[in-house]
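Novice: For reference, the structure I am asking about is given below.
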C-alpha cells in the first residue's frame, strides 16, 4: 500500500515537471516550427545532450552565426542566435531536421543582414555577363553572317519580282509592296535559322506575340498615319487619277502633282499647293475633269422679246460651230432656258477639247464673238427691267427735227465704225493662245518645295 502511494506521488511530480518544461519551452510567435519526416521512437538511441552538442559544434564551425545556441528537449531542437541571410537560417533548420532522432525543429534564429559598401557584386555581375557574351559569341557571328545575307537575298528577290513577274502592275507603289511581301519569307527563314541554332525559338514566339500586342497599341496611337497609308495603297490599286489630271475632291480643285504615303498634292489654278490626306480623298467624291479629253460647258445669253428667238439661236449656233476649239460631236445645242422679266434667256451647250484648250479662255472668246454677231444681226440684248421713280417728274425737252436727225446719224456712224473696228477673232483668241494654262502654272511653280517622299502615281500619258 505504501509502495502504491509512493508510485502515485512520483507520477504526480513527473507530470508537473513535464508541464513546467512545456511552459518554459513554448515557441515565440516569430519562431519557425518544422516537423521532420522521421518516425518518433519510444526509446531514442541518441540522447538530447548528444544531439545538442553535435548541432552546436556544426553551427559554430560554419562561422555563419553569432551566438548560436541549441537546446534539445525530448527530441525537439530549439535554435537561437543571429544569421546573416535567410539561406543560412534555412540551412540551420535543415541541419537540425536531418539529425538523428530529431522529431521537430523550432527555428528562432534572427536574420540581420550587414550593409556592405562594396562594388564586388557589380564586378561579379559584369564578369558573369562577360562570360555569357563569350559563350554566345559564335551565335553572334552566325547572326552577323546569316541575317545580312538573307536580307540581301530578299532584296534581290524583290528586285527580280518587280522586273520580270510584276510588270503588269502599273502602280510603282503597289508593285513595290507586292514584291517586298513575296520576298519577306526569305529573310524570315534566315531569322528562324539563327533563333533555332541559338535555342530561342520559344522566345521568338513570345516576342512575336508581344510585337502583335505592341502593334495594336501603336496602331491605335497612330491610326491616322496607318489610315492614310492604307488609303494610298487602295488609291494606287484603283487609280482614280494620275499625275497631271485636273480633279475636284473635298471641295478643292487643282492639277495632281504627286501622291505619297500620307497625302496627295494638288496645284490650284492660282498656283497654290494643296496637300489633302489620302484618307480624306479615299472617302470623298472625286471629280476627274481630265479623265476624258472632252468637256462640256455652257454660255448664257439674254435677248429682247421683240426679236426672233429662232434667228438668235441660228446666229449663236453658227458662231459656236465655226470655232476651232469646239468639237463637232456631240453637236452644240442652243436652247431656250427661261422667260425672264425683260429677256428671253438662251443657254448654249457645247463640247471643248479640254486637253488642248482652256475651257475658260474658250468661253471668253465665244461670249465676245456671240455678242458681236448678235449686235450685227440686229438682236437686242436688253438689261433686266428696273423701276425708276422721279419724284419731281421727268423733264421733256423736244429737239428740233434737224438736231434729232443729226443725233441719229452720229449714233449710226459710231455703231458702223465699231462693227468695222471689232474683228471676228482677236489675237488673244487664236488657237495657240487658247491652250490650257495649267501646264504653264506648273512650270512657274516647279521650284516649290514638296514632300521628299517618292511619287506613288504614274504620270499622265
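In our numbering, the protein residues as written are 18 to 478. Backbone N, C-alpha and C define an ideal beta-carbon position, used for all residues, glycine too.
Counting C-beta neighbours from all protein chains within 10 Å, is the total for residue 102 16 or more, i.e. buried, or is it exposed?
Specialist: So residue 102 counts as exposed.
Novice: Once DSSP output is grouped into helix, strand and coil, what is the label at residue 49?
Specialist: Three-state result, residue 49: strand.
Novice: If you follow the beta strand (DSSP E) that residue 368 is part of, which residue opens it and which one closes it?
Specialist: 361–370
Novice: I need the boundaries of the beta strand (DSSP E) containing residue 105, first residue and last residue.
Specialist: For residue 105, no beta strand (DSSP E) run applies; the uninterrupted alpha helix (DSSP H) run containing it begins and ends at 103–115, by DSSP.
Novice: Leaving out the 5 sequence neighbours to the left and right, which residues in its chain are closer than 7 Å to residue 203 when beta-carbon positions are compared?
Specialist: 167, 170, 171, 174
Novice: State whether the stretch 361–372 contacts the stretch 309–326, with contact taken as three or more CB pairs (one from each stretch) at a distance under 8 Å.
Specialist: yes
Novice: Between 153, 135, 124, which lies nearest to residue 93 when the distance is taken from Cα to Cα?
Specialist: Of 153, 135, 124, the residue nearest in Cα terms is 124.
Novice: If you draw a straight line from the C-alpha of residue 302 to the C-alpha of residue 381, how long is it?
Specialist: 29 Å
Novice: Can the beta-carbon of residue 318 be found less than 9 Å from the beta-carbon of residue 391?
Specialist: yes
Novice: Let me make sure I understand the geometry here. Which of 359, 399, 344, 356 has the alpha-carbon closest to that of residue 372?
Specialist: 344
Novice: Nearest-angstrom Cα distance between residue 143 and residue 136?
Specialist: 11 Å
Novice: Using a Cβ-Cβ cutoff of less than 6 Å, which residues in the same chain neighbour residue 263 once the five nearest sequence positions on both sides are dropped?
Specialist: 272, 306, 307
Novice: In chain order, what are the residue ranges of uninterrupted beta strand (DSSP E) at least 3 long that sit wholly in the stretch 189–215?
Specialist: The DSSP assignment places no complete beta strand (DSSP E) segment of no fewer than 3 residues inside the stretch 189–215.
Novice: Helix, strand or coil for residue 357 per DSSP?
Specialist: coil
Novice: Over the uninterrupted alpha helix (DSSP H) stretch that includes residue 162, give me the two end residues.
Specialist: Where residue 162 is concerned, the enclosing alpha helix (DSSP H) stretches over 137–177.
Novice: Rounded to whole angstroms, what's the CA-CA distance from residue 351 to residue 275? Just pull it up for me.
Specialist: For residue 351 and residue 275, the distance between alpha carbons rounds to 40 Å.
Novice: For residue 348 and residue 255, what's the separation of their Cα atoms in angstroms?
Specialist: 33 Å
Novice: Indicate the three-state DSSP secondary structure (helix, strand or coil) for residue 385 in the structure shown.
Specialist: helix
Novice: Taking DSSP's pairing of strands, which residues face residue 275 in a bridge?
Specialist: 282
Novice: Between residue 322 and the rest of its own chain, which residues show a CB-CB distance below 8 Å, the 5 nearest in sequence each way excluded?
Specialist: 359, 360, 361
Novice: If you count every other CB in all the chains shown that lies within 10 Å of the CB of residue 145, and 16 or more means buried, which is it?
Specialist: exposed
Novice: How many Å lie between residue 300 and residue 151 at the Cα?
Specialist: In this structure, the CA atom of residue 300 is about 57 Å from the CA atom of residue 151.
Novice: Alpha carbon to alpha carbon, how far is residue 83 from residue 67? Give it in angstroms, no decimals.
Specialist: 22 Å
Novice: Determine, using beta carbons only, whether residue 293 and residue 396 come nearer to each other than 9 Å.
Specialist: no
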